[in-house]
Amino acid sequence: MRDYAADLEPHILKILHASFGAKWGDAEFWRWKHSSRPGFSPSDVVVCAAADRPIACFHLTIRTIRLAPGVEIRCSVEGDFAIEPDARGAGIPQKAYRYVSPRLVSRGVVVRAGFSSRDLFEHVYKSKFGHRMPPTVTAQYRKILSDRALHGKLQEFGEAARVHPWSQRFLRSPLTVRLKVEGFQPCDLVLTATAASCTPSGTGRPDLTIKMPYVLLTAARLSPFRAMLTVLESMICGRVRTAGLIRVMFRGLRARRSGP
Amino acid sequence: MRAYRPGDEGAIVELSNRCLAPFAGWVPRTVDYWRWSTLQRPGIGPLDILLLESGGKILGYAALGRDGSVLDFCVDPEQPVRGRRSLIKQLIGALEERARALQYDGLTFSEPASDRLLDEALRASGYLVELPHCFSLGVLNPQALLQQLLLARRAELPRLEISSLVLELSPGAYPFLLSSRLLLQLEPQPQVRDISDSTDYPQECVLRLDLCALTELLLCGVTVDSLLRQSQLEIRPVSRVPEARKLLDVLAVRARWHIPRSDGF
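Just so you know, the sequences run in chain order A and B.
Take the first sequence: its letters are residues 964 to 1223, numbered as in this note's numbering.
Take the second sequence: its letters are residues 62 to 326, numbered as in this note's numbering.
Here is the structure:
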């Protein structure tokens, strides 16, 4: 194990990209996050090597966090822990965790913390590092803003609906649903027995047209009561409009009668 | 509503610290820390830092990260409810407008769900609530943590029959054990001593637990009774359980945790 030195930088980035992909960030991002950070110490980046070849890297930053009024402690926030795929399974995370512990004590660190996925927390942070999750009020709120992302989500939804056995009978001929979601360009969700696609709306006549507010798209992920309120509110306010619904319902009835 | 201008740092830092005050786990802002964590972050420009200003006072502030994640979002907690609700909506709208201008696919907020006005405004705007990334921690130096808590809470310490308490610690799943035995002396001055190498120490109240249980007890809101029930804590003699419970209840961090996105790693 060795501390950061400028010559290690390309290797560190290579290891990070091998673990997290290029979306992790570029050299400029790495430098901002680590070596250019105020208070950075070379011992904040540990590189593990095997036969002089860097195979894993481990990053931390020491911050003062507030626990309560008048209680501020030094916390080592750790992450960007990456191991080359062929070096995994050799206990490197525990070795690196133990390696930095005495040094962190000498730097006045009281607690060690990390951010992870739930899966990583269960399999590494909790079982190998003995970490625990404090009670948090932080929630993540997410909303789609671009037509491209909306099309992606609708296509995912279409795929999930398409594979249902009943849908297979229903989709013996293609079904085109034109969706006019408030705040977005109209799009066509085309479902066939073998595929689902969502594209900007064309000039052809769709089987079904639905105009709706964006919040209605999220109703399936809300609690049943909140979802019902959202749907009712949208309908009462006239923000939901359909065309071709009866025709599609008849088509559904015919599909049900025709059997498999 | 306007974008950041040099010289706004002090007001942004003051507002952020006020908004985060009820929570545990955040980094108290300084101008230097804010400049690094937000202003100098790659992909962020002054137009991505939005301020709500009225009568020369900054009432709201938000910063938009390059992947569409909202790094910080604060609206003056002392504003009247109606005014604050309106400011929150304005700030959300401005962030969405900026994100659309930058052709981001979406927006992600990591905010305290306990802020009811913000939670309502985001849900009403069509935001879906998801579980955030896990933030987890372990106690590296239990002596220093207990010392800080004891000193900060000394005015609240209850009158106890015991004058000292001994913690016998084992590592549990934690890979590093700095001290195996700590003495909490309450009189004359509260202090915590490492007595790992001592064989002769006060026995009037001895607690036995591992570092994970200590983390849960002091930082995660888990109670003494809960740990006793799960046999993760042993208190000797049993007659001292009420005394130990009173002391640990005062020392434990009770605030809920909130880590703003800009403090992420």
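Ideal placement from N, C-alpha and C gives every residue a C-beta, glycine not left out.
On a predicted model such as this, the values are computed, not experimentally measured, just so you know.
- Between the alpha carbons of A/Arg1070 and A/Arg1081 lies a gap of roughly 29 Å.
- Rounded to the nearest whole angstrom, the CA to CA distance from A/Pro1097 to B/Ser98 is 23 Å.
- Among the residues of chain B, those whose CB is under 7 Å from the CB of A/His1094 are Ser197, Leu198 and Gly199, following chain order.
- In this chain, B/Tyr262 is not harboured by any beta strand (DSSP E), its DSSP state being neither H nor E.
- Close CB contacts of B/Arg214 within its chain, under the 7 Å cut and outside five residues either way in sequence, are with Val311 and Leu312 (chain order).
- For A/Ser1079, the beta-bridge partners assigned by DSSP are B/Cys195.
- The CB of B/Ile73 never comes closer than 9 Å to any CB in chain A; the least such distance is about 17 Å.
- Our two residues, B/Leu100 and A/Ser999, have alpha carbons roughly 14 Å apart in a direct line.
- By the neighbour-count definition (other C-beta atoms within 10 Å, threshold 16), A/Gly1033 is an exposed residue.
- In the structure shown, the three-state DSSP call for A/Met964 is coil.
- With a cut-off of 8 Å on Cβ pairs, the stretch 1085 to 1099 of chain A is in contact with the stretch 227 to 237 of chain B, counting three or more such pairs.
- When the five nearest sequence neighbours on each side are left out, the beta carbons in the same chain lying within less than 6 Å of the beta carbon of A/Ile1055 are those of Cys1011, Ala1019 and Ile1046, in order along the chain.
- Assignment of B/Ile73 by DSSP, reduced to helix, strand and coil, places it in the helix class.
- For A/Pro1005, the nearest beta carbon of chain B is not closer than 8 Å to its own beta carbon.
- If you ignore the 5 residues before and after A/Leu1108, its C-beta comes within less than 8 Å of no other C-beta in its own chain.
- Proximity of chain B to A/Gln1057 at the Cβ level (cut-off 7 Å) is accounted for by Pro236, in chain order.
- The alpha carbon of A/Lys986 has as its nearest neighbour, out of A/Thr1027, A/Phe1021, A/Ile1028 and A/Asp1043, the alpha carbon of A/Asp1043.
- Distance from the CA of B/Val283 to the CA of A/His1094, rounded to the nearest whole angstrom, comes to 14 Å.
- Not a single CB atom of chain B sits nearer than 8 Å to the CB of A/Thr1162.
- Within the same chain, Ile1036 and Cys1038 come within 7 Å of A/Val1074 by CB-CB distance, once the 5 residues on both sides are set aside.
- Shown here, B/Tyr122 sits in a strand according to DSSP, grouped into three states.
- Between A/Ala1102 and B/Val190 the beta-carbon gap is near 5 Å, inside 8 Å, which marks them as a contact.
- For the C-beta of B/Glu172, the chain A residues within less than 8 Å are, from N- to C-terminus, Thr1101, Ala1102 and Tyr1104.
- DSSP, read as helix, strand or coil, puts A/Leu1216 in helix.
- For the pair B/Gly68 and B/Pro107, the Cα-to-Cα distance works out to about 12 Å.
- Sorting B/Tyr122, B/Met62 and B/Glu181 by C-alpha distance to the C-alpha of B/Val142 places B/Glu181 at the top.
- B/Glu191 reaches chain A at Gln1103 and Arg1105, counting residues in chain order whose Cβ is nearer than 7 Å.
- Residues of chain B whose Cβ lies closer than 8 Å to the Cβ of A/Lys1174 do not exist; the shortest such Cβ separation is about 15 Å.
- For chain A, the residues of the stretch 305 to 318 of chain B that bring a beta carbon within less than 7 Å of one of its beta carbons are Val314, Ala316, Arg317 and Trp318, in chain order.
- Residue state for B/Pro173 is assigned as strand, using DSSP reduced to three classes.
- B/Cys273 sits in a helix when the DSSP states are folded into three classes.
- In the pairwise beta carbon analysis, the stretch 297 to 307 of chain B is classified as touching the stretch 215 to 230 of chain B: at least three pairs are separated by under 8 Å.
- Close to B/Asp93, with beta-carbon spacing below 8 Å, are these residues of chain A in chain order: Pro1001.
- A straight line joining the alpha-carbon of B/Phe196 with that of A/Lys1058 spans about 21 Å.
- When Cβ-Cβ separations below 8 Å define contact, A/Leu1067 makes contact with chain B.
- Counting only Cβ-Cβ distances below 9 Å, A/Arg1070 has no contacts in chain B at all, with the closest Cβ about 10 Å away.
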